[in-house]
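For the sequence shown, the numbering used here assigns the number 33 to the initial residue and increments by one for each residue that follows.
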Amino acid sequence: MADIARLVREKRIGGITDIKDESDRRGIRVVISVRKGDYPEVILNQLYRYTALEVTISMIFLATDHLQPKIFTLHKFLDRFIDERIVVIKRRTMFLLNKAEQEAHILRALKVAIDNIDQVIAIIKKSKSSKEAKIELCNELKIDMIQSQAILDMKLAKLAKLERDNIAEALDKLTGQITDYRDILEDPERIYRIIIEESERIIAKYSDKRKTEIKEEESDFDITKLIKPEDMAIILSNDGYIRRTSHEDYHDQYRGGKGKKAASLKENDYIVKVISANNLDKLYLFSFGGKVFSIPVYQVPEGGLSARGKPVNTLIRITGNDSIKTVAAVSKKLEEAKGSFVFASKKGKIKRTLIEKYKSVRLNGVTAFKMNSFDSLNDIIVSDQEDKLIIATKRGQVSKFSVDQLRAMGRVTAGVTGIRLRENDEIISALAAGDNDNTSILLVTKKGIGKRVAISKLRETNRGGMGVIGIKMTGKDSLVGALAVKESDHILIVTQEGYSLQFDVSNVRVMGRTAKGVKIITLRDEDNIVSVAKLET
Numbered sequence: 033m034a035d036i037a038r039l040v041r042e043k044r045i046g047g048i049t050d051i052k053d054e055s056d057r058r059g060i061r062v063v064i065s066v067r068k069g070d071y072p073e074v075i076l077n078q079l080y081r082y083t084a085l086e087v088t089i090s091m092i093f094l095a096t097d098h099l100q101p102k103i104f105t106l107h108k109f110l111d112r113f114i115d116e117r118i119v120v121i122k123r124r125t126m127f128l129l130n131k132a133e134q135e136a137h138i139l140r141a142l143k144v145a146i147d148n149i150d151q152v153i154a155i156i157k158k159s160k161s162s163k164e165a166k167i168e169l170c171n172e173l174k175i176d177m178i179q180s181q182a183i184l185d186m187k188l189a190k191l192a193k194l195e196r197d198n199i200a201e202a203l204d205k206l207t208g209q210i211t212d213y214r215d216i217l218e219d220p221e222r223i224y225r226i227i228i229e230e231s232e233r234i235i236a237k238y239s240d241k242r243k244t245e246i247k248e249e250e251s252d253f254d255i256t257k258l259i260k261p262e263d264m265a266i267i268l269s270n271d272g273y274i275r276r277t278s279h280e281d282y283h284d285q286y287r288g289g290k291g292k293k294a295a296s297l298k299e300n301d302y303i304v305k306v307i308s309a310n311n312l313d314k315l316y317l318f319s320f321g322g323k324v325f326s327i328p329v330y331q332v333p334e335g336g337l338s339a340r341g342k343p344v345n346t347l348i349r350i351t352g353n354d355s356i357k358t359v360a361a362v363s364k365k366l367e368e369a370k371g372s373f374v375f376a377s378k379k380g381k382i383k384r385t386l387i388e389k390y391k392s393v394r395l396n397g398v399t400a401f402k403m404n405s406f407d408s409l410n411d412i413i414v415s416d417q418e419d420k421l422i423i424a425t426k427r428g429q430v431s432k433f434s435v436d437q438l439r440a441m442g443r444v445t446a447g448v449t450g451i452r453l454r455e456n457d458e459i460i461s462a463l464a465a466g467d468n469d470n471t472s473i474l475l476v477t478k479k480g481i482g483k484r485v486a487i488s489k490l491r492e493t494n495r496g497g498m499g500v501i502g503i504k505m506t507g508k509d510s511l512v513g514a515l516a517v518k519e520s521d522h523i524l525i526v527t528q529e530g531y532s533l534q535f536d537v538s539n540v541r542v543m544g545r546t547a548k549g550v551k552i553i554t555l556r557d558e559d560n561i562v563s564v565a566k567l568e569t
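Shown next as structure tokens:
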């Protein structure tokens with residue numbers, strides 16, 4: 033109360049006319065009188081903010097993770113709990129599977145023994161020792177030593193009384209259990225369902241009514257002040273699953289290696305896009321239907337290397353059969369610096385639109401481009417007014433021209449010709465870069481071949497030209513990505529089957545335009561590279 037009175041005197045809180053302490057042995061009661069015309073709710077919020085009427089208690093989730101002390105966020109704490117439950121369920125299921133297989137193994141022997149009971153009794157009677165009987169049973173009944181020992185361990189009277197139908201029924205039951213246990217071990221979705229079912233049983237048995245209420249309130253507090261400005265990789269799959277993973281989860285590997293599993297995907301799903309972004313950036317999501325949506329990067333579900341992520345339609349209000357084609361991240365600095373989006377279509381069209389045109393984009397989305405005038409979006413880049421634009425095609429052609437040749441257009445304006453394509457060719461990547469000796473273009477093919485070409489060595493052409501050869505490819509190989517890189521950059525490559533390889537860009541030397549390149553990654557059978565991203569250092 034003394035604090036409230038002091039704040040009123042200092043005029044930090046207005047609208048309070050009187051404070052009374054009506055506390056007694058029955059409890060605490062403070063009555064605050066509010067001036068007529070003032071809003072009690074506003075004054076209450078001020079009291080919460082400036083006094084001890086509401087106290088925020090911080091919790092530190094400190095735990096040992098793999099014998100190392102670590103501070104968790106609540107989200108990561110729950111992730112590790114789920115990981116541990118998965119391990120426990122797998123171990124438990126493996127134990128039950130081994131036990132059931134052992135029991136079934138013995139029951140099969142007993143079934144054989146019953147079917148040949150007279151022969152079994154004769155062998156046991158004529159054998160001079162249990163060892164001799166065991167070997168004879170193995171030879172005559174075609175069973176192993178464990179099974180023959182199980183027969184010998186059972187008294188003849190009990191063996192004779194065993195009913196064939198009971199054994200067959202027990203064997204069928206065990207066979208069903210074995211099939212079920214194997215299915216659990218092979219199906220991650222079943223493990224997740226088991227975790228949910230067991231959690232619900234615990235809740236039903238032990239939970240009681242919540243004594244506090246969790247609710248969201250409008251606040252003038254800047255939520256971004258609570259967000260750690262961490263660099264992340266944003267990963268989008270063909271089926272629309274999206275997640276963010278910290279750069280710290282990726283570690284440099286050797287160029288030419290096989291990489292490691294970077295995603296646990298559903299059957300027939302594959303990764304289509306990987307970009308680098310900061311938690312404080314704004315993420316723009318562009319759909320096949322020509323719409324763009326926007327959410328903060330920190331709202332994208334976070335997960336480790338093996339996480340699948342969440343369906344993107346749980347984050348934005350995308351309608352009908354539309355789905356997300358690609359994503360781009362924009363920093364606040366770039367937004368304020370009058371940066372641009374450069375759209376590149378499959379058939380060679382490009383257009384540049386100022387990012388400020390999309391400032392009002394929300395969960396419902398707005399039109400980014402008209403589909404009837406922009407054949408099919410293949411790539412989108414964020415430009416900070418660098419002086420050169422570079423377009424790379426599927427067949428390895430590269431076109432470099434000045435950004436001055438591409439004026440800024442409106443959101444729904446049709447694009448212009450960016451590059452003249454040969455037959456069966458299409459735009460794969462577009463990028464913006466400075467024309468200097470410190471920057472090169474990294475070209476990567478779907479079969480794992482890559483090279484760097486100095487941007488200053490690329491001949492500049494007019495917009496709409498055919499460009500020049502950027503990389504020579506053999507067989508059915510084709511270009512999947514092009515990035516403007518510097519010597520200190522790190523590159524993340526992701527394959528269709530979800531494997532990733534991170535390496536230092538300096539491991540790929542700068543070559544001439546017509547060189548074939550070097551092996552970037554050793555691919556598994558029928559696997560292909562689908563996305564190439566530059567990780568910020």
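Built from N, CA and C at the ideal position, the CB exists for glycine as well.
Remember, it's a predicted structure, so these values are computed and weren't measured experimentally.
Report all residues from its chain with a CB closer than 7 Å to the CB of residue i; omit the five preceding and five following residues, and keep chain order.
{"i": "residue 583", "result": "Residue 583 cannot be examined here, being either before or after the span of the chain that is shown, 33 to 569."}
{"i": "residue 468", "result": "488"}
{"i": "residue 297", "result": "269, 340, 530"}
{"i": "residue 272", "result": "343, 344, 345, 355, 356"}
{"i": "residue 89", "result": "none"}
Below 6 Å CB to CB, which residues in the same chain sit around residue i once its five sequence neighbours on both sides are set aside?
{"i": "residue 521", "result": "537, 566"}
{"i": "residue 572", "result": "In the structure displayed, the chain extends from 33 to 569; residue 572 sits before or after that span and is not available."}
{"i": "residue 491", "result": "500"}
{"i": "residue 396", "result": "349"}
Are there 16 or more other CB atoms within 10 angstroms of the CB of residue i, so buried, or fewer, so exposed?
{"i": "residue 213", "result": "buried"}
{"i": "residue 60", "result": "exposed"}
{"i": "residue 91", "result": "exposed"}
{"i": "residue 62", "result": "exposed"}
{"i": "residue 228", "result": "exposed"}
{"i": "residue 323", "result": "buried"}
{"i": "residue 127", "result": "exposed"}
{"i": "residue 377", "result": "buried"}
{"i": "residue 35", "result": "exposed"}
{"i": "residue 528", "result": "buried"}
Output yes or no for whether 7 Å exceeds the beta carbon distance between residue i and residue j.
{"i": "residue 540", "j": "residue 532", "result": "no"}
{"i": "residue 428", "j": "residue 497", "result": "no"}
{"i": "residue 302", "j": "residue 270", "result": "yes"}
{"i": "residue 530", "j": "residue 293", "result": "yes"}
{"i": "residue 633", "j": "residue 477", "result": "Since the first and last residues shown for the chain are 33 and 569, residue 633 lies out of range."}
{"i": "residue 358", "j": "residue 412", "result": "yes"}
{"i": "residue 371", "j": "residue 414", "result": "yes"}
{"i": "residue 450", "j": "residue 423", "result": "yes"}
{"i": "residue 384", "j": "residue 440", "result": "yes"}
{"i": "residue 121", "j": "residue 196", "result": "no"}
{"i": "residue 431", "j": "residue 499", "result": "yes"}
{"i": "residue 141", "j": "residue 175", "result": "yes"}
{"i": "residue 282", "j": "residue 534", "result": "yes"}
{"i": "residue 474", "j": "residue 542", "result": "no"}
{"i": "residue 387", "j": "residue 332", "result": "no"}
{"i": "residue 103", "j": "residue 110", "result": "no"}
{"i": "residue 143", "j": "residue 199", "result": "yes"}
{"i": "residue 138", "j": "residue 182", "result": "yes"}
{"i": "residue 206", "j": "residue 136", "result": "yes"}
{"i": "residue 563", "j": "residue 305", "result": "yes"}
{"i": "residue 87", "j": "residue 75", "result": "no"}
When you compare each of the options to residue i by their alpha carbons, which one comes out closest?
{"i": "residue 410", "options": "64, 40, 318", "result": "318"}
{"i": "residue 581", "options": "89, 362, 117, 48", "result": "Here the chain has residues from 33 to 569 only, and residue 581 is not among them."}
{"i": "residue 511", "options": "535, 474, 426, 528", "result": "426"}
{"i": "residue 390", "options": "401, 382, 381", "result": "401"}
{"i": "residue 262", "options": "280, 268, 274, 272", "result": "280"}
{"i": "residue 133", "options": "169, 200, 209, 186", "result": "209"}
{"i": "residue 334", "options": "125, 107, 223", "result": "107"}
{"i": "residue 379", "options": "163, 55, 561, 459", "result": "459"}
{"i": "residue 443", "options": "382, 290, 237, 241", "result": "382"}
{"i": "residue 53", "options": "33, 513, 128", "result": "33"}
{"i": "residue 113", "options": "124, 215, 97, 125", "result": "97"}
Report whether the distance from the Cβ of residue i to the nearest heavy atom of the ligand ZN is below 6 Å.
{"i": "residue 200", "result": "Here there are no bound small molecules, and the ligand ZN is not part of this structure."}
With a threshold of 8 Å on Cβ separation, who are the neighbours of residue i within its own chain once the five nearest residues in sequence on each side are excluded?
{"i": "residue 329", "result": "264, 266, 276, 309, 310, 311, 312, 313, 314, 315, 361"}
{"i": "residue 327", "result": "314, 315, 317, 347, 348, 395"}
{"i": "residue 125", "result": "213, 216, 217"}
>> Report the start-end ranges of each beta strand (DSSP E) in the region 81-141 that is 3 residues or longer and not cut off at the edges.
In response: 93-97, 100-104
> Taking only runs of the beta strand (DSSP E) that begin and end inside the region 458-510, which ones reach a length of at least 3 residues, in chain order?
Replying inline: 459-465, 472-477, 481-486
> What are the uninterrupted segments assigned as alpha helix (DSSP H) that are 4 or more residues long and contained completely in the region 325-378, given in chain order?
Replying inline: 364-368
>> In chain order, what are the residue ranges of uninterrupted alpha helix (DSSP H) at least 4 long that sit wholly in the region 173-246?
In response: 177-185, 188-193, 196-218, 220-238
> Taking the runs of the beta strand (DSSP E) that are 3 residues or longer, which of them lie wholly in the region 256-325?
Replying inline: 263-269, 273-278, 303-310, 314-319
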